[in-house]
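Numbering (this note's numbering), first residue to last: 303 to 629. All residues carry an ideal CB built from backbone N, CA and C; glycine is no exception. Predicted model only: the values in this text are computed from it and were never measured. Please read the structure below before turning to the comments.
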Ligand SMILES: NC(=O)c1ccc[n+]([C@@H]2O[C@H](COP(=O)([O-])OP(=O)(O)OC[C@H]3O[C@@H](n4cnc5c(N)ncnc54)[C@H](O)[C@@H]3O)[C@@H](O)[C@H]2O)c1
């Protein structure tokens, strides 16, 4: 039938699989896909994720509870899928330092299981959630994709291994893979409660409670923070861009802020003159001192632009946590 013959049309009627779709970034992707009327399957074991994040789009999502290391579960989720967004992982550098085997098992073996299932199912494209931690603590800034990686933690090594596997699956088997190295993502639905919570949700919840934020180190370490909607946009672009397969792209804002800057920005978003003075704890092993991305490659190949800047992202995030606290 002519209607189904066009390559892009065929895939556009197929499903999108989001592994880790109950997580912070995966659920943001699901919300966007559902808003666009796409058929979405989520595979998640809810280890760090929460199905509540999908409650508002529950009718549009097929939710499969399962582990990405379980071949049968992954194969089941992969049926009829044209595009995979592989977000599932055990995140956190600190967690991986405490339990390197678990981190490696999920982030490396799990990723390989997803790639292998995608290949066998004839999936067209897989977009992989890679990490800026691959760059390590080398002094040269901004980080460009052609720099030698220097991962410093089991988490960083595992995420980098996933990139290599993804590229190998493109070269060996023609599965179109694209790796996106996210830089410190933040936004609504990020978990502030976990022992391994990222810095922005921790700082915002402390500020809302009028409590001091805990800073590991002097607070002058800096990060290129990325609002989650920009990451979602990059994923959708990476799923379609013709020159992207086989490549790795930095996904960031292209500016860096210190943790002390961040506290001041959050206070400003809350209408306060100054933040509550933070409590300083010793540096955490494996953490990098500074990070800043060069996003020229993503701009050129994906047409990516960080449409939401840091101030606007912080404002939206603070609003979301304020409303969540009031619910
Ligand atoms: N948040 C960031 O700043 C950041 C930066 C770089 C890369 N990443 C990557 O982005 C992805 C999403 O991160 P996030 O911040 O949304 O984390 P998250 O913990 O909120 O989401 C991860 C999801 O994967 C699920 N999961 C974990 N192990 C699983 C398993 N064995 N089988 C099935 N599901 C499993 C969790 O339940 C969770 O829903 C991860 O791959 C992470 O490494 C995140």
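Candidates the options, of which the one nearest residue i by Cα
i, options, result
"residue 386", "538, 469, 507 and 550", "538"
"residue 392", "374, 377, 411 and 380", "411"
"residue 401", "320, 436, 345 and 498", "498"
"residue 500", "512, 525 and 482", "525"
"residue 340", "446, 349, 320 and 570", "320"
"residue 349", "581, 589, 390 and 577", "390"
"residue 317", "543, 356, 351 and 362", "362"
"residue 619", "564, 447 and 585", "564"
"residue 366", "591, 438, 423 and 379", "379"
"residue 376", "522, 562 and 346", "346"
"residue 651", "626, 610 and 557", "Residue 651 cannot be examined here, being either before or after the span of the chain that is shown, 303 to 629."
"residue 357", "329, 372 and 384", "329"
"residue 621", "424, 405 and 509", "509"
"residue 576", "419, 562 and 374", "562"
"residue 607", "495, 533 and 335", "533"
"residue 613", "370, 430, 559 and 338", "559"
Residue i vs residue j beta-carbon contact at 7 Å
i, j, result
"residue 469", "residue 426", "no"
"residue 600", "residue 529", "no"
"residue 603", "residue 545", "yes"
"residue 485", "residue 554", "yes"
"residue 351", "residue 325", "yes"
"residue 421", "residue 475", "yes"
"residue 647", "residue 428", "Not covered by the structure: residue 647. The range shown for the chain is 303 to 629."
"residue 595", "residue 444", "yes"
"residue 593", "residue 481", "no"
"residue 616", "residue 531", "no"
"residue 322", "residue 406", "no"
Which of helix, strand or coil DSSP assigns to residue i
i, result
"residue 306", "Because the pLDDT of residue 306 is 36, which lies under 50, any placement of that residue in the model is unreliable, and the number read from its coordinates should be weighed accordingly. Residue 306 falls in the helix class under three-state DSSP."
"residue 398", "helix"
"residue 311", "Its pLDDT being 48, under 50, residue 311 is placed unreliably by the model, and the measurement read from it follows with that caveat. The answer is helix: DSSP assigns residue 311 an H, G or I state."
"residue 335", "helix"
"residue 409", "helix"
"residue 252", "Nothing in the structure corresponds to residue 252, since the chain is present only between 303 and 629."
"residue 583", "strand"
"residue 484", "strand"
"residue 630", "Nothing about residue 630 can be reported from this structure: the residues present for the chain run from 303 to 629 only."
"residue 429", "strand"
"residue 346", "strand"
"residue 619", "helix"
"residue 319", "strand"
"residue 326", "helix"
"residue 360", "helix"
"residue 478", "strand"
"residue 254", "With the chain represented from 303 up to 629, any question about residue 254 goes unanswered, as that position is not in the structure."
"residue 446", "coil"
"residue 435", "helix"
Interface flag, residue i vs chain B, CB-CB below 7 Å
i, result
"residue 476", "Here there is only one protein chain, and chain B is not present."
Opening and closing residue of the beta strand (DSSP E) in which residue i lies
i, result
"residue 384", "383-388"
"residue 592", "Careful: residue 592 lies outside any beta strand (DSSP E) and carries neither H nor E."
"residue 365", "363-367"
"residue 551", "549-553"
Host alpha helix (DSSP H) of residue i (start-end)
i, result
"residue 507", "501-510"
"residue 532", "530-540"
"residue 473", "456-475"
"residue 378", "373-380"
"residue 568", "561-571"
"residue 604", "598-604"
Whole-angstrom C-beta distance between residue j and residue i, which should lie under 8 Å
i, j, result
"residue 296", "residue 516", "It is not possible to answer for residue 296, since the shown part of the chain is limited to 303 through 629."
"residue 456", "residue 399", "7 Å"
"residue 568", "residue 527", "Wrong, their Cβ atoms sit about 12 Å apart, outside the cutoff."
"residue 438", "residue 590", "6 Å"
"residue 408", "residue 513", "Incorrect: roughly 32 Å between the Cβ atoms, too far for contact."
Ligand 3 heavy atom lying under 6 Å from the CB of residue i
i, result
"residue 349", "With respect to small molecules bound, the structure shown includes ligand 1 and not ligand 3."
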